[in-house]
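Visitor:
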Amino acid sequence: MIQSMTGFGKSLIQLPSKKITVEIKSLNSKTLDLNARIPGQYREKELQLRNTIGAALVRGKVDFSLYVEVTGEETAASVNPAVVKKYIQQLREIVQGDETELLKMAVRMPDALKTEREEIDEDEFASIEQAVIEALKEINTFRTDEGLALEKDLKQRITNIESLLKDIIAMDPDRIAGVRERLRKGVAELKENVDENRFEQELVFYIEKFDITEEKVRLDNHLSYFKETIESADSNGRKLAFISQEMGREINTIGSKSNYAPMQQLVVQMKDELEKIKEQLLNVL
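At position 132 of the sequence shown the residue is numbered 166 (our numbering), and the sequence of numbers has no breaks.
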């Protein structure tokens with residue numbers, strides 16, 4: 035079973051005085067690339083959250099966002115009376131105005147409000163961790179559903195390559211016979227007497243250069259291994275990508291050795307299917 039690296043998960047928790055929203059989205063990437071947006075008061079817990087997310091998602095370009103909305107009367111900011119009074123006093127020296135207007139101006143000045151650093155409430159953070167776990171479950175479900183669609187497409191393309199390989203195997207005897215016939219015609223056109231035994235030896239040696247038996251066997255093995263790997267319990271996009279590279283080597287060698295237009299046409303179709311497989315594997319976990 036394979037998983038996609040694309041996914042989205044969201045979880046919301048309502049505390050007595052806060053609403054906390056967790057969002058996690060991921061796209062494909064060669065490694066785990068985690069970007070976290072967390073309010074300053076929770077920064078000391080960032081590494082712990084990163085470890086939880088990294089263990090669950092393994093790979094991908096991941097954006098993690100934690101939003102905190104205060105819904106009750108609780109606030110970490112308070113007026114700094116001494117600073118505000120000083121500002122009002124200075125403003126009076128500059129301009130005569132209503133006390134209310136001067137106050138409005140003063141509270142906008144730097145340091146008019148002071149923010150007390152809140153200690154993290156462990157019960158609150160436990161709720162946040164649970165929200166992260168719920169969001170991770172949702173994104174992994176999304177990834178699994180996407181993986182099923184990818185798996186179906188990959189299996190179909192492997193089947194297509196297998197079918198083309200069968201056509202190549204069936205065509206191979208005619209290809210060799212054609213090569214042999216072309217060589218004989220070429221010698222006949224020279225109108226030279228040749229040693230038949232020597233000619234046969236040279237013919238066998240020449241045809242051996244175009245033999246694709248090993249490539250056909252290896253490609254068939256790679257196709258079987260790909261199907262076996264895609265059915266394994268773990269999603270392993272890197273392993274599948276490596277197998278696809280090996281398949282490409284064998285297909286390219288068959289194409290270069292074939293020296294036969296109908297077979298080369300089949301090779302082109304196999305290459306097309308393989309390129310589509312490689313594109314899909316970029317998004318497999």
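All residues carry an ideal CB built from backbone N, CA and C; glycine is no exception. Computed from a predicted model, the values in this text were never measured in an experiment.
Nearest by alpha-carbon distance to GLU249: which of LEU217, ARG216, ILE288, VAL96 is it?
Guide: Checked all of LEU217, ARG216, ILE288, VAL96; the closest Cα to GLU249 is ILE288.
Visitor: Which residues does DSSP pair with TYR101 in a beta bridge?
Guide: In the DSSP output, where bridge partners are listed per residue, TYR101 has THR55.
Visitor: Buried or exposed: which applies to GLN174, given that a residue is buried once 16 or more other Cβ atoms fall within 10 Å of its Cβ?
Guide: For the sequence presented, residue 174 should be read as Asn rather than Gln. Its Cβ being crowded by 16 or more others within 10 Å, ASN174 is buried.
Visitor: Would you kindly report the start and end of the unbroken beta strand (DSSP E) that includes ASP67?
Guide: Start and end: 66-71.
Visitor: Buried or exposed for GLU313, going by 16 or more other Cβ atoms inside 10 Å?
Guide: Flag for GLU313 reads exposed.
Visitor: Give the DSSP bridge partners of LEU170, in chain order.
Guide: Per DSSP, none; premise fails for LEU170.
Visitor: Starting from the C-beta of SER63, find all residues in its chain whose C-beta is less than 6 Å away, skip the five residues before and the five after it, and write them out in chain order.
Guide: Closer than 6 Å at Cβ, skipping near neighbours: GLY94, LYS95.
Visitor: Going straight from the alpha carbon of GLN235 to that of THR65, what length do you get?
Guide: Those two C-alpha atoms are separated by around 55 Å.
Visitor: State the Cα-Cα distance for the pair LYS120 and ARG142, rounded to the nearest angstrom.
Guide: Those two C-alpha atoms are separated by around 13 Å.
Visitor: Nearest to LYS52 by alpha carbon, out of GLN190, TYR101, VAL118?
Guide: Per the Cα distances, TYR101.
Visitor: Rounded to whole angstroms, what's the CA-CA distance from ARG32 to GLU196? Just pull it up for me.
Guide: Residue 32 lies beyond the range of the chain shown here (35 to 319); nothing can be said about it.
Visitor: Measure the C-alpha to C-alpha separation of PRO296 and LEU237 and round it to an integer number of angstroms.
Guide: Taking the straight line from one Cα to the other gives about 22 Å.
Visitor: What are the partner residues of ILE47, as DSSP defines its beta bridges?
Guide: Answer is ILE54, bridged to ILE47.
Visitor: Within the segment 252-299, note down every full alpha helix (DSSP H) run reaching 4 residues or more, in order along the chain.
Guide: Those alpha helix (DSSP H) runs which fall completely within the segment 252-299 and span 4+ residues are 271-292.
Visitor: How should ASP27 be labelled, buried or exposed, when 16 other C-beta atoms within 10 angstroms of its C-beta is the threshold for buried?
Guide: Nothing can be reported for residue 27: it is not among the residues displayed for the chain, which extend from 35 to 319.
Visitor: Considering only their Cβ atoms, is the gap separating ASN317 from MET39 smaller than 9 Å?
Guide: Cβ atoms of MET39 and ASN317: closer than 9 Å.
Visitor: Does the beta-carbon distance from TYR76 to PHE159 come in below 9 Å?
Guide: Yes, they are a contact pair.
Visitor: Three or more C-beta pairs closer than 8 Å, one from the segment 270-287 and one from the segment 155-169: is that the case here?
Guide: Contact fails: fewer than three Cβ-Cβ distances are below 8 Å.
Visitor: When you compare each of ILE203, ARG216, LEU274, ARG177 to TYR240 by their alpha carbons, which one comes out closest?
Guide: Cα-wise, what sits closest to TYR240 is ARG216.
Visitor: Need the endpoints of the alpha helix (DSSP H) that GLU133 sits in, please.
Guide: 133-140 is the span of the alpha helix (DSSP H), which, as asked, contains GLU133.
Visitor: Nearest CA to the CA of GLU57: which residue from GLY43, ILE47, GLN48?
Guide: The shortest C-alpha separation from GLU57 is found at GLY43.
Visitor: So is VAL301 buried or exposed if we call it buried at 16+ other beta carbons inside 10 Å?
Guide: By the 10 Å Cβ count, VAL301 comes out buried.
Visitor: Which first and last residues belong to the alpha helix (DSSP H) in which TYR121 is found?
Guide: Taken as a continuous stretch (DSSP letters only), the alpha helix (DSSP H) holding TYR121 covers 115-128.
Visitor: Could you compute how far the alpha carbon of GLN299 sits from the alpha carbon of ASN286?
Guide: Answer to the nearest angstrom: the Cα atoms are 12 Å apart.
Visitor: Identify the residues that DSSP records as bridge partners of VAL318: which are they?
Guide: Answer is SER38, bridged to VAL318.
Visitor: For ARG209 versus PHE244, is the C-beta spacing smaller than 9 Å?
Guide: Result yes, Cβ atoms of ARG209 and PHE244 sit closer than 9 Å.
Visitor: Do you know offhand how far ALA204's Cα is from LYS219's?
Guide: Near 24 Å, if we compare the C-alpha coordinates of LYS219 and ALA204.
Visitor: Roughly how many whole angstroms lie between the Cα atoms of GLY212 and ILE246?
Guide: When rounded, the distance between both Cα atoms is 15 Å.
Visitor: Let me know if ARG71 comes out buried or exposed under the rule of 16 or more other beta-carbons within 10 Å of its beta-carbon.
Guide: Result: exposed.
Visitor: In whole angstroms, give me the CA-to-CA distance for ASP201 and ILE192.
Guide: Rounded to whole angstroms, ASP201 to ILE192 spans 14 Å at the Cα level.
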